[in-house]
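Protein chains: 2
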Amino acid sequence: MTDSTREIVKKVLEGDIRTVARLIRDIDDNMPGIRDVLKALYPHTGKAYVIGITGAPGVGKSTLVDQMIKHLRQKGYTVGVLAVDPTSPFTGGAILGDRVRMQRHSMDKGVFIRSMATRGQFGGITQATRSAIDVLDAMGKDIILVETVGVGQDEVDIVKTAHTTIVVVIPGMGDDIQAIKAGILEVGDIFVINKADRDGADRTLMDLRMMLEMETDRERRDEWAPPILKVQAVFDIGVEELLETIERHRSYIIERYGDLKLRSDPKRVKESLIQMLKDRLFETFLERISKSGELERRVDEISKGILDPYSACDILLKEHVV
Amino acid sequence: MTDSTREIVKKVLEGDIRTVARLIRDIDDNMPGIRDVLKALYPHTGKAYVIGITGAPGVGKSTLVDQMIKHLRQKGYTVGVLAVDPTSPFTGGAILGDRVRMQRHSMDKGVFIRSMATRGQFGGITQATRSAIDVLDAMGKDIILVETVGVGQDEVDIVKTAHTTIVVVIPGMGDDIQAIKAGILEVGDIFVINKADRDGADRTLMDLRMMLEMETDRERRDEWAPPILKVQAVFDIGVEELLETIERHRSYIIERYGDLKLRSDPKRVKESLIQMLKDRLFETFLERISKSGELERRVDEISKGILDPYSACDILLKEHVV
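Here the protein sequences come in this chain order: G and F. The opening position of the first sequence corresponds to residue 280 in the working numbering, with each subsequent residue numbered one higher. The opening position of the second sequence corresponds to residue 280 in the working numbering, with each subsequent residue numbered one higher.
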């Protein structure tokens, strides 16, 4: 370990805001050198309770997270927040707006809020988020809230990291619930119907209940029936009940796994390792074949019709994966 | 090439429906042996015109595709349709419903419709779709319509394969357009406001126009300003204009690239090869470390706290990627 790595690790463990902020930005940008820091931090992780909050744009996730922070702080917990937006820079404005809503907590030293915005050319947001969670964990935050826009596989992978995953919907989404939420429904431990004063909240409740009952591959369905809560985050209605439900889910996990260290659960460890390998593998491989000029050569051959892409793929894999 | 491969290739080139259907299912299931068939078919591809149709659930993509088929058939073109739904099996019902709407064309031998439903454990839908397009191309379809639910990176990657990409929205999606469509906007060659008789169509038109003007990284923006069309697919209003606009875009491509063989454009070839490598690479790698027992051993070590996942990753990559 270099002196600089040692210094960063020390400062993160002391909870130094500036160091943590820079490290998370470096993770987001996939800067070289972060892995040594992450390795050294790893033994200091596994203490935080991680809560994932996901749902389509516009369901009020940020407002809910903002209220959850308030309640958690009142109970004396320190809180880390990661807002994950693997969409294009194009939406920067809207997303910054959301973040601003949480800024009332920005003067509170017990709260640390960061956005993960950039997604590398070939994904990697999942691994970057997992690493950022490790950092907030190592810096000593009791509770980590991870907010994602629930629209893709990336988001599903990210919330799998959480101890408790909350899926947020709003009334009147109609068929959209069925279509958009597909993969997300399966990972939800608790469902929140936000803006529950709107028309159609009971209908949404019924729809959700029915869909959850239809699920056949929910591993834990016999043990933990996901509760559905009506919330009005903007008026702070139902948020306390949500936190109590999270607490109940936490007790369930401890009972089931013996402790909160999901990272000692081989199934989760395997998923997480495979995810990390996937990102790193491609990065490593692409770098090799780019540097050596092989990629360009094969592209050229395909463009000229000398080689088909399937054979090009076979050749490159055969030469580089042993 | 084995006799069986040769036989499949021959039948695909003859346009044998049953063989093509089975091959596409095999591609979707990632069955062994498909790559030899695809290699042999490759020289017979590159003739079809590929149109991507994407948009959120509920915007009426299937109805639009259904009408497009009708118009294209009237003009004498043969049509292949791939409906790509990389969501969980959970939504099977809804999606089947959509497909049924197109079934009025099922007795027409000039139309071939298939869904790509399964997504492998670690992605792969993009590559599977590209391969299925190649098959429809080789079987002799003039026009291939690829319908995807526009919510994730996978969908963006898939429509990149198309000559012309149509993004479908509906009035009154409000902020959602901004949030959900991010990555999709950038790939749209033509925008369709479907259900344009609904309130707010003009507002949506203005919003879209503004967002397209805000785009700075649109490579072709000076050459091809994406038109925005108002359509009522269910009443067949605006569909003919859409097809004329596609025709205009086709002329633009020919003018720009010299021909329609985007596959000879090195930039597209490179993107496509990288995508294929990504899927295959991980599959190959995971198979190796699973069979050899290394994956399980490392998972075990991480679970027991002997090894951290970052180091495990380093070790596995070092041993297998040269």
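For every residue, glycine included, the Cβ atom is placed at its ideal position computed from N, Cα and C.
{"Check": "Local Cβ density within 10 Å of Ala441 (chain G), reported as buried at 16 or more and exposed below that", "Outcome": "buried"}
{"Check": "8 Å Cβ cutoff met for Leu317 (chain F) and Val291 (chain F)", "Outcome": "no"}
{"Check": "Identified DSSP bridge partners for Ala362 (chain F)", "Outcome": "F:Ser394 and F:Glu426"}
{"Check": "Assigned secondary structure, Val414 (chain F) (DSSP; H/G/I helix, E/B strand, else coil)", "Outcome": "helix"}
{"Check": "Contacts around Arg259 (chain F), its chain only, beta-carbon distance under 7 Å, and the 5 residues preceding and following it disregarded", "Outcome": "Only positions 280 to 601 of chain F appear in this structure, which leaves residue 259 (chain F) out of reach."}
{"Check": "Rounded straight-line distance, which links the Cα of Lys326 (chain F) to that of Ser569 (chain G)", "Outcome": "30 Å"}
{"Check": "7 Å CB neighbourhood of Thr298 (chain G) in its chain, flanking five on each side removed", "Outcome": "Ile287, Lys290 and Val291"}
{"Check": "Beta-carbon neighbours of His599 (chain F), restricted to chain G and to distances below 8 Å", "Outcome": "Val600 and Val601"}
{"Check": "Stretch pair the stretch 581-595 of chain G + the stretch 548-561 of chain F: three plus CB contacts closer than 8 Å", "Outcome": "yes"}
{"Check": "Backbone secondary structure at Val447 (chain G) - three-state DSSP", "Outcome": "strand"}
{"Check": "Sequence-distant residues of its chain with Cβ nearer than 6 Å to Gly359 (chain G) (five each side left out)", "Outcome": "Phe391, Leu415, Lys420 and Ile423"}
{"Check": "Members of the stretch 543-556 of chain G that neighbour chain F once the beta carbon cut-off is set at 8 Å", "Outcome": "Ser543, Asp544, Pro545, Val548, Lys549, Ser551, Leu552, Ile553, Met555 and Leu556"}
{"Check": "As assigned by DSSP and simplified to three states, the class of Leu586 (chain G)", "Outcome": "coil"}
{"Check": "Contact with chain F by Ala591 (chain G), beta-carbon distance below 8 Å", "Outcome": "yes"}
{"Check": "Residue closest to Glu502 (chain G), alpha-carbon to alpha-carbon, out of G:Asp307, G:Glu534, G:Leu539 and G:Gln554", "Outcome": "G:Glu534"}
{"Check": "Anticipated Cβ contact below 8 Å, Pro506 (chain G) with Thr524 (chain G), distance rounded", "Outcome": "5 Å"}
{"Check": "Beta-carbon proximity list for Ile374 (chain G), same chain, < 6 Å, skipping 5 on both sides", "Outcome": "Residue placement at Ile374 (chain G) is poorly supported in this model, since its pLDDT is 42, which falls under 50; the coordinates are not used for a value here."}
{"Check": "Nonlocal neighbours in the same chain, by C-beta distance under 6 Å from Val357 (chain F), ignoring five residues either side", "Outcome": "In the sequence on display, residue 357 (chain F) carries Thr and not Val. Here the set comprises Gly389, Lys420 and Asp421."}
{"Check": "Within chain G, the residues that Thr563 (chain F) reaches when beta carbons sit closer than 8 Å", "Outcome": "Leu596 and Val600"}
{"Check": "Nearest-angstrom Cβ-Cβ length linking Ile412 (chain G) and Val425 (chain G), presumed shorter than 8 Å", "Outcome": "7 Å"}
{"Check": "Cβ neighbour criterion (16 or more within 10 Å) applied to Val344 (chain F)", "Outcome": "buried"}
{"Check": "For Thr333 (chain F), the residue or residues it bridges with in DSSP", "Outcome": "F:Thr427 and F:Val446"}
{"Check": "Ordered list of alpha helix (DSSP H) runs contained in the stretch 483-539 of chain G, each at least 4 residues", "Outcome": "518-536"}
{"Check": "Residues of its chain near Val438 (chain F), where Cβ-Cβ distance is below 6 Å and the 5 sequence neighbours each way are ignored", "Outcome": "Gly331, Thr333, Thr444 and Val466"}
{"Check": "Partner residues on chain G for Leu560 (chain F), Cβ-Cβ distance less than 8 Å", "Outcome": "Leu560, Phe561, Phe564, Leu596 and Val600"}
{"Check": "Exposure of Asp249 (chain F), with buried meaning 16 or more beta-carbon neighbours within 10 Å", "Outcome": "Examination of residue 249 (chain F) is not possible in this model, given that chain F is present from 280 through 601 alone."}
{"Check": "N-terminal and C-terminal residue of the alpha helix (DSSP H) that Val288 (chain F) is part of", "Outcome": "Asp282 to Leu292"}
{"Check": "Beta-carbon gap between Met490 (chain F) and Leu508 (chain F) smaller than 8 Å", "Outcome": "no"}
{"Check": "Nearest to Ala407 (chain F) (by Cα), restricted to the options F:Met418, F:Ala417 and F:Met395", "Outcome": "F:Met395"}
{"Check": "CB of Gly339 (chain F) within 8 Å of CB of Ile449 (chain F), strictly", "Outcome": "yes"}
{"Check": "Neighbour flag for Tyr321 (chain G) against chain F, beta carbons, 8 Å", "Outcome": "yes"}
{"Check": "Buried or exposed by the 16-neighbour rule on C-beta atoms within 10 Å, applied to Ser410 (chain F)", "Outcome": "buried"}
{"Check": "Cα-Cα separation, Lys549 (chain F) to Leu574 (chain G)", "Outcome": "8 Å"}
{"Check": "Under 8 Å between C-beta atoms of Leu552 (chain F) and Arg352 (chain G)", "Outcome": "no"}
{"Check": "Span separating the alpha-carbon of Ala417 (chain F) from that of Asp295 (chain F)", "Outcome": "11 Å"}
{"Check": "Proximal residues to Tyr531 (chain G) (C-beta, below 8 Å), its chain only, five neighbours per side dropped", "Outcome": "Glu502 and Trp503"}
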